[in-house]
Amino acid sequence: MKHFIVEITYTASPEEIAGVLAAHRAFLQTGYERGWLLLSGPLNPKTGGIVVARAPSLAELQAFFSSDPYHLSGVAEHHFIEFDPVKRQPWLEGWVSGSDLD
1 MKHFIVEITY
11 TASPEEIAGV
21 LAAHRAFLQT
31 GYERGWLLLS
41 GPLNPKTGGI
51 VVARAPSLAE
61 LQAFFSSDPY
71 HLSGVAEHHF
81 IEFDPVKRQP
91 WLEGWVSGSD
101 LD
């Protein structure tokens, strides 16, 4: 598995974001259920959000996020940063190594 920070940048008004927020969070839940997402949340101030994710490839993660209601509604842009998590808390080992998916 490859590891990513997904930076979501809002491109619309707070009112437009609020109208899509519930659908966006429901979409993210499918990523949690798939085992691809570790955590997510809004930036402070609320100009976007951050997602810590893993996926077999960048292309597969980008394909997944192409179904995000934020993307489909045109209210946000997604930026993908791949990284290697060489240091981590021991309790996170299964998620980082992917052994939790076996």
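Numbering (the working numbering), first residue to last: 1 to 102. The C-beta atom is built at its ideal place from N, Cα and C for all residues, glycine as well. Computed from a predicted structure; not experimentally measured.
Identify the residues that DSSP records as bridge partners of S40: which are they?
-> Counted from its first residue, the sequence shown places residue 40 at position 40. Answer is V51.
Which same chain residues, not among the five before or five after R25, have their C-beta less than 7 Å away from its C-beta?
-> As a position in the sequence shown, residue 25 is number 25, starting the count at 1. There are no such residues.
What is the C-beta distance between G49 and S40, in whole angstroms, given that I count them as a contact (C-beta under 8 Å)?
-> Indexing the sequence shown from 1 puts residue 49 at position 49. Indexing the sequence shown from 1 puts residue 40 at position 40. Between S40 and G49 the Cβ distance is about 6 Å, and since that is below 8 Å, they are a contact.
Check whether H78 and I8 have beta carbons under 8 Å apart | In the sequence shown, the residue the question calls residue 78 occupies position 78. In the sequence shown, the residue the question calls residue 8 occupies position 8. For H78 and I8, yes; Cβs fall inside 8 Å.
Check whether E35 and L101 have beta carbons under 8 Å apart | Taking the first residue of the sequence shown as position 1, residue 35 is located at position 35. Taking the first residue of the sequence shown as position 1, residue 101 is located at position 101. As written in the sequence, residue 35 is Gly, which differs from the Glu given in the question. Contact flag set, yes.
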